[in-house]
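In terms of our numbering, the sequence shown is residues 0 to 170. All C-beta atoms in this analysis are idealised placements derived from N, C-alpha and C, irrespective of residue type, glycine included.
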Amino acid sequence: MVEEDIDIEELSFEEMLEGAVKAEINATEVYEHMAGRVDNFVMAERFEFLAGEEEKHEGFLRNIYEDFGSKSEIDPNEETPVPLPYIRYGEDMDESEIIEQAMDAEIASRDFYTKMAEKSDDVGLEKNPKKLLTYLAGMEQNHYEILKEEVERMKEFEEFDEYFPGMHQGP
C-alpha cells in the first residue's frame, strides 16, 4: 500500500509518472518470470495475461509522460522517490512469496493511481489523464483479485497433486 507517512504531494507529476512506469516494467518482468516458472499451464497463461496488461499500462503511462512534454528518457534502473514497492523475484524464492509481493504491489499501485488521478487536474495537460488513471487503478484491483484467486488455486493444486502428481502440467 502507499505509505501513509509518505507525502506524494511533494512529488512532481513527472516524478510520479516515472515511478509508475518503472513499477509497470517491474510487474511485467515478474509476471513473465512466473509464466515461465510455474508448471500449471493455466496459471502460466494467467501470468502471461498479467504481463501483457502491465505492458499496456506502461504504454499508457509513457503516452501521458510524452504529452506532459518530458524530454528525458525513463531509466528503469534509476532510483525513484515514488513510494511503490519493487517486487523481488528469482529462482531462489518461493512462488507464493513472489505472488504475495505482487499482490501488495497491485494494491499499492491502485492506491497510487487513485492519488495521481486526484492530482492530475492541476497538471495543465490538454487531455486530462484523470479517467485513464482511474481506469488503471481499477485494473490494478482486478489484477489483485486474479492473483488472490491464483494463490487459492495453488493451495488447492498442492493438495490435489499429492494424490494425482502432474495432473495440471498441460499437454
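Which of helix, strand or coil DSSP assigns to residue i
i    : result
M129 : At residue 129 the sequence reads Lys, which differs from the Met that was named. K129: helix per DSSP, three-state reduction.
E139 : helix
S71  : coil
E77  : coil
D66  : helix
E2   : Its pLDDT being 43, under 50, E2 is placed unreliably in this model, and the value from its coordinates should be taken loosely. Residue state, collapsed to three classes: coil.
L10  : coil
M153 : helix
Cβ-based burial, residue i [other Cβ within 10 Å; buried from 16]
i    : result
P82  : buried
E78  : exposed
I5   : For I5, the pLDDT reaches just 48, beneath the cut-off of 50, and the residue's location in the model is therefore unreliable, leaving the point undetermined.
E8   : exposed
E144 : exposed
N141 : exposed
M92  : exposed
P80  : exposed
F40  : exposed
E44  : exposed
E52  : buried
Enclosing alpha helix (DSSP H) for residue i [first to last residue]
i    : result
R87  : Looking at the DSSP string, R87 is not in any alpha helix (DSSP H), and its letter there is neither H nor E.
S108 : E94 to K118
V122 : Per DSSP, V122 belongs to no alpha helix (DSSP H) and is neither H nor E.
N39  : Unbroken run through N39: none, as it is neither H nor E.
Proximity test, Cβ basis, 7 angstroms: residue i and chain C
i   : result
A26 : As a matter of chain content, chain C is missing from the structure shown, which is built from one protein chain.
Within 7 angstroms, strictly: CB atoms of residue i and residue j
i    : j    : result
T27  : E54  : yes
E149 : M42  : yes
I98  : L49  : no
R109 : E139 : yes
P84  : A104 : yes
S69  : E125 : no
Y64  : L10  : no
task = State whether the region 61-74 contacts the region 15-27, with contact taken as three or more CB pairs (one from each stretch) at a distance under 8 angstroms.
result = yes
inquiry  = Quick test of the definition: if touching needs 3 or more C-beta pairs under 8 angstroms, does the region 45-60 touch the region 128-139?
reply    = yes
query = Do three or more CB pairs link the region 110-123 to the region 86-98 at distances below 8 angstroms?
reply = no
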